[in-house]
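See structure below.
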Amino acid sequence: MVQAVHRHKILVVDDETINLKMMLNALKDDYTTLVATNGIKALKIVSSKNPPDLILLDISMPEMDGYEVFEKIKEYKQCENIPIIFVTASSSEQEQIKGLELGAVDYFTKPICLPILRAKIKSHLEMKQHRDFMTLLLNKQYLEMENRNSSHEKDRLEQQNRIQRYIEEVQENQERLQLSLWGSGDELWDWNLTNGEFRRKNPLPLKLEDIPIFSHIDAFQPLIHTEDFVDLKKSFFDHLKNEAEYFEATFRSKSDRDEWVWLLLRGKVVNRDPNNQPIRLSGTLKNISRLKQAEQDLLLAAKSFENIFDAVWVCDHNWKILKINTAFTTITEFTVEDVLGKSLLTLMGEPYKEVLHMFAGQLLSNTKNDTYSREEVWGVDKQGNYFPQELNISVLRDQTNVVTHFIGAFTDITYRKNAEDKLRYLANYDSLTGLPNRTLFMERIQHAIDVAHRNKHQMAVVFLDLDNFKSINDTLGHASGDILLKEIGKRLSSSIRDCDTAARLGADEFALILEQVNHTSEILPIAERILSYIANPLNLAGSQVSLSASIGITAYPDDSNNYKDLLRHADIAMYHAKSLGRNNIQFYTKEMDHRSLFRLELEQQLHNLVTNDQFLINYQPKVTLSTGKIDGLEALVRWNHPKHGLIPPDMFISLAEETGHIVRLGEAILRKACRESKEWWDTKQITGRLAVNLSAVQIAQENLPLRVASILEETGFKAENLEFEITESSMMENQRLAEKQMLAFQNMGIHLSIDDFGTGYSSLSRVKDLSVNTIKIDRSFIKDINHSAKDKGIVASIISLAHHLNLKVIAEGVETLEQKAILTELHCDEMQGYVFSRPIANMAINELLEKQ
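The sequence shown lines up with residues 26 to 877 when you count with the numbering used here.
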């Protein structure tokens, strides 16, 4: 029969589940484990008939701590010799000493190194067995001696005492050695060179057997890092040859976790043979990985100190400079020789001194804050120049909490300060003109309102928009446009008073704040002066350019006491000035609000124009002056609004252009006009052309020629019977694309006409390079042709030059017979106007054609 192997019982006492699981997993393969989660359960187990062989006892537990449990366990007679090992998270030496004084055989600090735990449990169980055996032996001898003659009683007692003292001495020596090794963390080793046995006591967790065999020093090589073995071997042989009293080496070896750890090996020959050859060596082995890491950290700290970009100084408790780094010298130009031993209080200037005193005051006031941070401190360099720096100060204290050193680090923030100033400027001022921007302008409006309210004055907000700036910018280039905007900024600044503000809100929009106004009558002269300043011609790209602007004005407190409303009112008044022909001044009125709301209503309902077919086409005849007969028609759109009735194009076409609806609307107008008028051309009632207006937004569509071709094919209207009217400004917005589109129309057979000629920035010299067939003289030149010799001369020149370029000329806005007669006299080709017919519906055109 095979005898069962005895398994020692180990009681683990701990109130934390994770610790219990960890220790139970480590011990379950070799021992029978018992568990108690508190002191009461532990006492119940040890008081049973089968107490454990060893106890792992946690110190920190609720209700009853480990020390109390230990004392109560030892009260049980059967538990007197059970070895108890304390386990705790505390690393306090006083607690360790207390546990050992109570009688604990060992002491572990969490987290526990499980291999060491298993090794020590094994060692203590072996020692217990040894003690138990010796006790049993004593008892046996005692019984034997009792059976002997009583005359030998004295000898027996003496022998028993000697044995007992021997056991106690052995146990005491073992415990003292164990405690010493445990306290130092060192491994004790003994190497027998004769048989190669390498015995270890209190072994470190390395990749070594308990009693490995090393026949020669080279046998250690596989266990040691290749870079370290040569030095270790040299030290070893130097000692064997009596060249060194002992040998010592630091090297790396693998731990039981397969990690490299740094070790310190010390040893000495303790026995030699009769030939003085070493036969035994002993020594210690210590894990110095933390020490090596500390050395590395110190080296890294020294390197960082020298190479960090921030300047660093170190002072003693009296602010005497002990050390500076390279960055300190780079920033301040002070060298180590300049500052060493000097007082930082006097070296870095008075503002710096105040900051240091403030920090010292914090420490004296018993604050617990040992650091100080200041975003901006003014220091001084070696040349006496002050510069801003961001400063951080910390202190070092000794064991008695007394400040021993001050450490400061600072960064030169001159560049950052300059960048902040620039950003602050850019956040509040227009980078092109240097005038306040919208953000600052809003702040100043509110400030002006507050001042006006306090002083019982009035103030005004003026909104100014340059007329036709986009055409100038596109024609002469953005560089010329920027020059113009800068000049306008200068002219505005020179036209107002010191108490006023001129600002650029964006693009060609400017605004002014007029303060200290006693009466609104004072505002108009200032606005008129602004217009006159702007009207002065400006030389741009070799051309004299005349400027104008539309101005809207609102006043506080008459119109509003809210800065947002004042700016909105001035904007509304400016748009009203534009709608009245531009280059004029308009004061805000409440009626303008109604017009603005009406405009907003139309803008929101623009999509209904095409979707619900709310538009209709009126046609105005173009009449040949020499015959008086209708030669062609111009298609003019009207909005048949369900609420407001017929709305003329000047009230919604610009809105459609701004919102992009003009693209869809323009195609719908062309489609309807072609369908409605096709019969007049098919029946030869009209031999000229149908004129349809194109906006700049439509011309900007790359696929416009394809869309036009598709509509002509859909309606069956012939391209040679169609004419597009394009304004000068529309062509100039994107001249290259406009020329490309016009060439495509010409290739399709469509004629092109320049509408409103003379009101823009083009000229006949430019027109000759474009693919146009007709020029329409703007009504502004026709209106006073019978009263103004100047207007008559301009019209005569346009007609003459156009005919030399083989261009047809049409005069629009002809309203009197006298105007008609003058145009006939000047050999104008055609006319449009009320003198013949207003724009009328297609049915009325049929009646005119029948009369003709």
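Every residue gets a Cβ at the ideal spot worked out from N, C-alpha and C, and that includes glycine.
Keep in mind it's a predicted model, so treat the numbers as computed, not measured.
DSSP places residue 333 outside both helix and strand once states are collapsed to three, so it counts as coil.
The Cβ atoms of residue 682 and residue 722 sit closer than 7 Å to each other.
Put simply, of 491, 578, 505 and 529 the residue whose alpha carbon is nearest the alpha carbon of residue 484 is 578. Counting only the Cα atoms, residue 768 lies some 32 Å from residue 509. Within the same chain, Cβ atoms closer than 6 Å to the Cβ of residue 367 are found at 346, the five residues on either side in sequence being excluded. Residue pairing of residue 801 in beta bridges, as defined by DSSP: 835.
The residues 230, in chain order, have a CB closer than 7 Å to that of residue 138 in the same chain once the five nearest residues on each side in sequence are set aside. When the alpha-carbon of residue 269 is set against those of 249, 280, 278 and 293, the nearest one is in 293. Positions of the beta strand (DSSP E) runs, each at least 3 residues long and wholly inside the segment 615-682, are given as 640-649, 655-666 and 670-672 in order along the chain. Going by beta carbons, residue 633 and residue 663 fall outside the 7 Å limit. Residue 63 holds the alpha-carbon nearest to the alpha-carbon of residue 42 among 55, 751 and 63. DSSP lists 111 as the beta-bridge partner residues of residue 132. The bridge partners DSSP lists for residue 484 are 581. Taking 7 Å as the cut-off, the beta carbon of residue 827 is found no closer than this to the beta carbon of residue 851. Each residue's CA atom was taken as its position, placing residue 316 and residue 287 some 9 Å apart. Separation of residue 544 and residue 471 (C-alpha to C-alpha, rounded to the nearest whole angstrom) is 20 Å. Scanning the segment 294-365 for uninterrupted alpha helix (DSSP H) segments of 4 residues or longer gives 314-332, 351-357 and 361-364, listed from N- to C-terminal end. The DSSP-derived three-state label of residue 531 is strand. Between residue 76 and residue 35, the CB-CB gap reaches or exceeds 7 Å. Between the alpha carbons of residue 562 and residue 403 lies a distance of about 51 Å. Looking at the DSSP output, residue 746 bridges to nothing. One thing to note: residue 344 has its Cβ no nearer than 7 Å to the Cβ of residue 323. The residues 304, in chain order, have a CB closer than 8 Å to that of residue 298 in the same chain once the five nearest residues on each side in sequence are set aside. Looking at the DSSP output, residue 564 shares a beta bridge with 569.
Around the CB of residue 647, 16 or more other CB atoms lie within 10 Å, so the residue is classed as buried. For residue 494, the closest C-alpha among the options 537, 431, 465 and 565 is that of 565. Taking the CA atoms as reference points, residue 487 sits about 11 Å from residue 581.
Residue 127 and residue 72 have their C-alpha atoms some 20 Å from each other. In this structure residue 868 is exposed. Its beta-carbon is surrounded by fewer than 16 other beta-carbon atoms within 10 angstroms. Residue 523 places its beta carbon 7 Å or farther from that of residue 539. Scanning its chain for C-beta atoms nearer than 8 Å, with the 5 sequence neighbours on each side dropped, one finds around residue 466 the residues 526, 528, 530, 536 and 538, in chain order. Here the C-alpha atom of residue 557 lies approximately 39 Å from the C-alpha atom of residue 445. In this structure, residue 776 places its C-beta atom within 7 Å of the C-beta atom of residue 714.
Residue 846 sits in a helix when the DSSP states are folded into three classes.
Note on geometry: alpha-carbon atoms of residue 610 and residue 549 lie some 8 Å from one another. DSSP, reduced to helix, strand and coil, places residue 471 within a helical segment of the structure shown.
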